[in-house]
Structure formats: C-alpha cells, structure tokens
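Below is one structure; the comments refer to it alone.
Residue numbers (full-length UniProt numbering): 1 to 402.
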C-alpha cells in the first residue's frame, strides 16, 4: 500500500525528473499582436542553437513586454446569448425551467441544500480506479484520497516509459461529448504528461483556478512561463509565453476579480506545434468560494466557443474545478430545454465522470447562488419571491461569506 497522503497535506516532493529551461528572449517591439501571429523568424530566434541543459537556468527579466491588441473580453453584455453554439431558446421557453429550479432552491433553503449535499455518496469503489492505484508509486497522483476513474480517464498516446496515465477525466455536456478535461494541478513529475495531453487533445483553452502557492503550501507546479518572452522546456516540449495581461472583469458588484490571460506557443523538437490560451483565476480560495457575481458565467461564455476539450484544473481538480464544470453542465442543459431542477441528480452525473467533484457544501451553495443571480439578471424570474429570496441570500452570506 502506498503511504497515506490526504488532500489537506502538502504532497509535493516534486522538484526532480523534469529538465526545465528558463531564459530570456531578446526584447522585441511587436513580438506579435497575438500568439497566432508569432513569426517564424522570432520562433527560430527563441529556439536557435540552444541544447537542452540538464538543470534549469535562472529566468532573467525581459526588458520590454510584448504588446497585445487589448485584453480578451470576458464580459457578457446585456442581452448576450447564454450559449454561442447550439439552439437559442427564447426567454419564454427558458422561463418555466428556470422557475422550477428557483422554486426548489428557495423551498429547500440553505440548510436544506447543505443536507442534500451531505447525503451524496462520497466514496468510490477502488475497482473503478485501478490505474490510479497502479500509478501511485510512480508519482503520478497528487492526493491519495482523490482518485481517478478508469472509465473516463484521458489515455495518453503514445505511451511514454510504458505509461499512458495522467490524472485527468473527460466530462461531457449536452453540446459536446468531450467538453471538459478535469485534471489535477500538474506535479513536477507530470508536467511533461500535461503538455502531451494538451497537444494530443488539441485543446485551445486551459482554465487554472488556483495559485502555485496557497497558504504556504505548494498547490501546482510551475508548468508554464508566467512572463512574456520567457520559456520553459520539458524534455522535447518547449512552452513559450507570448503575451500576458491581467484582466479585471467589469462586473456589477463591488468585487474585482482578477483573471491573468496568457497566450502560449508550444514547440515540439524546436518546431511550433500548437497555441493555447491560459486563463488563471488568481483569487478563488481553496475549499472556499469567491464573492458571488457573474464571473464564472463570463468565463464560460468566453471559453465554450472552442470545439476541443477545455482543460480545467485547480489543485486536486475536483472542488473549484467541479464547481465551474457543474455551472456549464447546468447552463447547457437549460439551453437545450432539459430540466435542471434535481441538482442532486446532476451532481451524481458529474461525479460519475470526475469522481469527488464539488468538495464542500459552500461550493454546492455557490453554484446555486450564481445561477440564481444569473436568472435574475437575465429576467428569467418574473414572480416576486420576496421574503424567500431575501432569506436565502442572507443565509448564504452568513454561511459562505462570513
């Protein structure tokens, strides 16, 4: 049996087995308006004549950051469609489904929803996670108590060192059988596998919901270069940061959510192979919830346009990750006219694809609170719920934001 390590422990003896290179790219005026326009000449200069060192070289400061044509817009303007793809139901068609959900939510109240969450099955049969158990000695898993289901796991191909395992699962939605890949925050021993997965799945979006260090504990390896012009090499894969912008979402609340958006180019054997957008929500607390506004809806509205799997991770890849994925699952069901009323059924469906998704009752309540806020802002609720609505919000604030 492997040594016991839980999600609450810092299980990261990680600083080995990865060859990494960080160094400076000479400053360029107009390195590119976007990562898609990175010229071949610049790419050659980035990678020219450098053998991969055995040890990481200390990263140097880039003198001039590369400009970008304005930040990526993540704000949902008034009247915007919920989904950019698929059928667009009218408010009249959506309203009955939304009203049923609201009635159930307010009737149960905060305490009723907490009880509903507590009643959910939390344990998973180990026979459904054989590869997770088999790969524990290889340092492929971050937490001993957060397993990875065999049925929906991402299988890496071709095998590297006779191993095709990564702690990651596909999650389907009504509009896409492989809408998401939910994964743990990469370890130093799995960063190469992570980028292999990005390339294999042709993913164009990575959504990171944690910080590298939280409360003094390492939650994720530094798997991408954080400053424009910097690069990191993992074996034969080089990851280059073309541009990074901090984006403050203009929400209709006092909270100011910070999203760090980076344009990344990936090179294999010094040849450009792929591009990906890396979005990091920097201030969502572990096992907690952020202030309630429409930030997750704005993020989802931006990233769902891709037809390739969206890679989402926090540290364990189940709490913050599960919350975002559940919101999208609900919204896509709504847009195709499917019921969302029975949330206990929906969480069971999500966990059948990514085990242990949504860790705390606070996160479960947060999903309800954001959805309620969205329905109000979109005018899908026409009935005056007055006292019930006020009590729900007050109880939520007391439990989740105290």
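Every residue, glycine too, gets a C-beta built ideally from N, C-alpha and C.
Residue i classed as buried or exposed, judged by whether at least 16 other C-beta atoms fall within 10 angstroms
{"i": "residue 57", "result": "Caution applies to residue 57, whose pLDDT of 34 falls short of 50 and renders its modelled position unreliable; the model cannot decide the point."}
{"i": "residue 53", "result": "At residue 53, the pLDDT of 35 sits below 50, so the modelled position is not reliable; the number obtained from the coordinates is stated separately. It counts as exposed."}
{"i": "residue 188", "result": "buried"}
{"i": "residue 262", "result": "buried"}
{"i": "residue 131", "result": "buried"}
{"i": "residue 369", "result": "buried"}
{"i": "residue 137", "result": "exposed"}
{"i": "residue 25", "result": "Residue placement at residue 25 is poorly supported in this model, since its pLDDT is 41, which falls under 50; the coordinates still yield a value, given next. Classification of residue 25: buried, given that the 10 Å Cβ count is 16 or more."}
{"i": "residue 305", "result": "exposed"}
{"i": "residue 107", "result": "exposed"}
{"i": "residue 96", "result": "exposed"}
{"i": "residue 379", "result": "exposed"}
{"i": "residue 71", "result": "Bear in mind that the predicted position of residue 71 carries a pLDDT of just 34, short of 50, making it unreliable; the figure below should be weighed with that in mind. By the neighbour-count rule (16 or more Cβ atoms within 10 Å), residue 71 is not buried but exposed."}
{"i": "residue 354", "result": "buried"}
{"i": "residue 147", "result": "buried"}
{"i": "residue 126", "result": "exposed"}
{"i": "residue 160", "result": "exposed"}
{"i": "residue 55", "result": "Note on residue 55: pLDDT 36, under 50, position unreliable in the model; the coordinate value appears next. By the neighbour-count rule (16 or more Cβ atoms within 10 Å), residue 55 is not buried but exposed."}
{"i": "residue 218", "result": "buried"}
{"i": "residue 351", "result": "buried"}
{"i": "residue 403", "result": "Within the shown structure, residues of the chain are numbered from 1 to 402, placing residue 403 beyond reach of any answer."}
{"i": "residue 98", "result": "buried"}
{"i": "residue 280", "result": "buried"}
{"i": "residue 120", "result": "exposed"}
{"i": "residue 135", "result": "buried"}
{"i": "residue 307", "result": "exposed"}
{"i": "residue 301", "result": "buried"}
{"i": "residue 228", "result": "buried"}
{"i": "residue 309", "result": "buried"}
{"i": "residue 394", "result": "exposed"}
{"i": "residue 168", "result": "buried"}
{"i": "residue 396", "result": "buried"}
Opposing strand residues paired with residue i [DSSP bridges]
{"i": "residue 155", "result": "165"}
{"i": "residue 359", "result": "In the DSSP output, where bridge partners are listed per residue, residue 359 has none listed."}
{"i": "residue 217", "result": "214"}
{"i": "residue 267", "result": "238, 272"}
{"i": "residue 170", "result": "181"}
{"i": "residue 281", "result": "259"}
{"i": "residue 127", "result": "None; residue 127 has no bridge partner."}
{"i": "residue 399", "result": "The partner list for residue 399 (beta bridge, DSSP) is empty, contrary to what the question assumes."}
{"i": "residue 368", "result": "According to DSSP, which records beta bridges pairwise, residue 368 is partnered with nothing at all."}
{"i": "residue 160", "result": "163"}
{"i": "residue 176", "result": "173"}
{"i": "residue 245", "result": "261"}
8 Å contact criterion, which residue i and residue j should meet: CB distance rounded
{"i": "residue 154", "j": "residue 170", "result": "6 Å"}
{"i": "residue 209", "j": "residue 314", "result": "4 Å"}
{"i": "residue 214", "j": "residue 286", "result": "5 Å"}
{"i": "residue 297", "j": "residue 268", "result": "Contact flag wrong, Cβ pair sits at about 35 Å."}
{"i": "residue 239", "j": "residue 195", "result": "7 Å"}
{"i": "residue 264", "j": "residue 199", "result": "Actually they do not touch by this definition, with Cβ atoms about 12 Å apart."}
{"i": "residue 224", "j": "residue 278", "result": "6 Å"}
{"i": "residue 152", "j": "residue 311", "result": "No, residue 152 and residue 311 are not in contact; Cβ-Cβ is about 14 Å, not under 8 Å."}
{"i": "residue 232", "j": "residue 201", "result": "That pair is no contact at about 20 Å."}
{"i": "residue 89", "j": "residue 335", "result": "6 Å"}
{"i": "residue 212", "j": "residue 220", "result": "5 Å"}
{"i": "residue 197", "j": "residue 166", "result": "6 Å"}
{"i": "residue 322", "j": "residue 358", "result": "4 Å"}
{"i": "residue 372", "j": "residue 102", "result": "7 Å"}
{"i": "residue 392", "j": "residue 110", "result": "6 Å"}
{"i": "residue 242", "j": "residue 295", "result": "That pair is no contact at about 25 Å."}
{"i": "residue 192", "j": "residue 235", "result": "5 Å"}
{"i": "residue 341", "j": "residue 100", "result": "5 Å"}
Check: residue i C-beta below 8 Å from any heavy atom of the ligand FMN
{"i": "residue 162", "result": "Among the components of this structure there are no ligands whatsoever, and the ligand FMN is therefore not found."}
CB contact check: residue i to chain B, cutoff 9 Å
{"i": "residue 267", "result": "Included in the structure is just one protein chain, with no chain B present."}
Checklist entry - In the region 286 to 322, which residue ranges form an unbroken alpha helix (DSSP H) of at least 4 residues, counting only runs that do not cross its ends? => result Listed in chain order, they are 295 to 303.
Checklist entry - Does the region 140 to 153 touch the region 179 to 187, meaning 3 or more C-beta pairs lie closer than 8 Å? => result Contact between the region 179 to 187 and the region 140 to 153 is established, with three or more Cβ pairs separated by less than 8 Å.
Next on the checklist: Report the start-end ranges of each beta strand (DSSP E) in the region 182 to 243 that is 3 residues or longer and not cut off at the edges.
Outcome noted: Here the runs fully enclosed are 205 to 208, 231 to 234.
Item to check | Touch test, the region 329 to 337 against the region 171 to 181, Cβ-Cβ under 8 Å, three pairs minimum | outcome: The region 329 to 337 vs the region 171 to 181: in contact.
Next on the checklist: Three or more C-beta pairs under 8 Å: does that hold for the region 100 to 115 against the region 354 to 367?
Outcome noted: Taking 8 Å as the limit for Cβ pairs, the verdict is that the region 354 to 367 does touch the region 100 to 115.
Checklist entry - Is the region 337 to 348 touching the region 385 to 397, taking contact as three or more C-beta pairs under 8 Å? => result Judged by Cβ distances under 8 Å, the region 337 to 348 makes no contact with the region 385 to 397, as fewer than three pairs qualify.
Checklist entry - Hey, which unbroken runs of the alpha helix (DSSP H) at 4 residues or more fall wholly within the region 89 to 122? => result Here the runs fully enclosed are 91 to 118.
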